[in-house]
Amino acid sequence: MRQLKMTIGSVVLEAELLDTPTAEAIWNACPFTSKANTWGEEVYFSTPVQVNREPSAREVVQPGELAFWIEGDSIAIGFGRTPISQGNEIRLAAKTNIWGKAKGDVKQLKSVKSGAAIKVEKIG
1 MRQLKMTIGS
11 VVLEAELLDT
21 PTAEAIWNAC
31 PFTSKANTWG
41 EEVYFSTPVQ
51 VNREPSAREV
61 VQPGELAFWI
71 EGDSIAIGFG
81 RTPISQGNEI
91 RLAAKTNIWG
101 KAKGDVKQLK
111 SVKSGAAIKV
121 EKIG
């Protein structure tokens, strides 16, 4: 199982990658740095990755699922309600590719401010 470490401001999350084209592209791009953006209870950040939308892409995600926003070439991590959520769902801005699963508690991301430094690197 391939794993990444994402340092997002003061939060460190480890992630297990799924077997998808998006996960492969992110793996191949590592290591890279970025800056955090926030949107409701979501942190997203640009990457050097460009991929196509996968057939399983969706807007509503579960806590801990790692998504890739195609239109923004960005990793998106939802951990609660966004401005377009209905009820308590985690609804992202567009259909996203699910490429991994965070091993830690994504609710820690609540402390991340826009502009925080991000580093994504391979483990092992």
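Using the UniProt record's numbering, the first residue of the sequence shown is number 1, and each one after it goes up by one.
Yeah, the Cβ is synthetic: ideal placement off N, Cα and C, and Gly gets one too.
Work out the CA separation of residue j and residue i for me, nearest whole Å.
{"i": "serine 34", "j": "threonine 96", "result": "19 Å"}
{"i": "valine 120", "j": "glutamine 86", "result": "31 Å"}
{"i": "tryptophan 69", "j": "alanine 76", "result": "6 Å"}
{"i": "leucine 92", "j": "valine 60", "result": "6 Å"}
{"i": "residue 202", "j": "glutamine 3", "result": "The structure shown does not extend to residue 202, since the chain is modelled only from 1 to 124, so the question has no answer here."}
{"i": "tryptophan 108", "j": "glutamate 14", "result": "A small correction: the amino acid at residue 108 is glutamine; tryptophan does not occupy that position in the sequence shown. Answer to the nearest angstrom: the Cα atoms are 13 Å apart."}
{"i": "aspartate 73", "j": "isoleucine 98", "result": "13 Å"}
{"i": "lysine 113", "j": "proline 83", "result": "17 Å"}
{"i": "glycine 78", "j": "serine 111", "result": "13 Å"}
{"i": "glutamate 62", "j": "glutamate 89", "result": "The sequence shown places glutamine at residue 62, rather than the glutamate named in the question. Roughly 8 Å separates the two Cα atoms."}
{"i": "serine 56", "j": "phenylalanine 32", "result": "26 Å"}
{"i": "arginine 58", "j": "phenylalanine 45", "result": "18 Å"}
Taking the Cβ atom as the reference point for each residue, do residue i and residue j lie within a distance shorter than 8 Å?
{"i": "glycine 64", "j": "valine 11", "result": "no"}
{"i": "glycine 80", "j": "glutamate 41", "result": "yes"}
{"i": "alanine 23", "j": "proline 48", "result": "no"}
{"i": "glutamate 71", "j": "threonine 20", "result": "no"}
{"i": "alanine 116", "j": "alanine 36", "result": "yes"}
Less than 8 Å between C-beta atoms, sequence neighbours within five positions excluded: which residues of the same chain meet that for residue i?
{"i": "lysine 101", "result": "Ala15, Glu16, Leu18, Gly64, Glu65, Leu66"}
{"i": "tryptophan 27", "result": "Arg2, Leu4, Leu17, Lys122"}
Please check the pair residue i and residue j, which I expect to be a contact at CB under 8 Å, by giving their CB distance rounded to whole angstroms.
{"i": "isoleucine 8", "j": "valine 43", "result": "6 Å"}
{"i": "isoleucine 118", "j": "methionine 1", "result": "Contact flag wrong, Cβ pair sits at about 22 Å."}
By Cβ distance, which residues of its chain are closer than 7 Å to residue i, with the 5 residues on each side in sequence left out?
{"i": "alanine 25", "result": "Val49, Val51"}
I'd like the list of long-range same chain contacts for residue i, defined as Cβ closer than 6 Å, with 5 residues on each side in sequence excluded.
{"i": "threonine 38", "result": "Ser114"}
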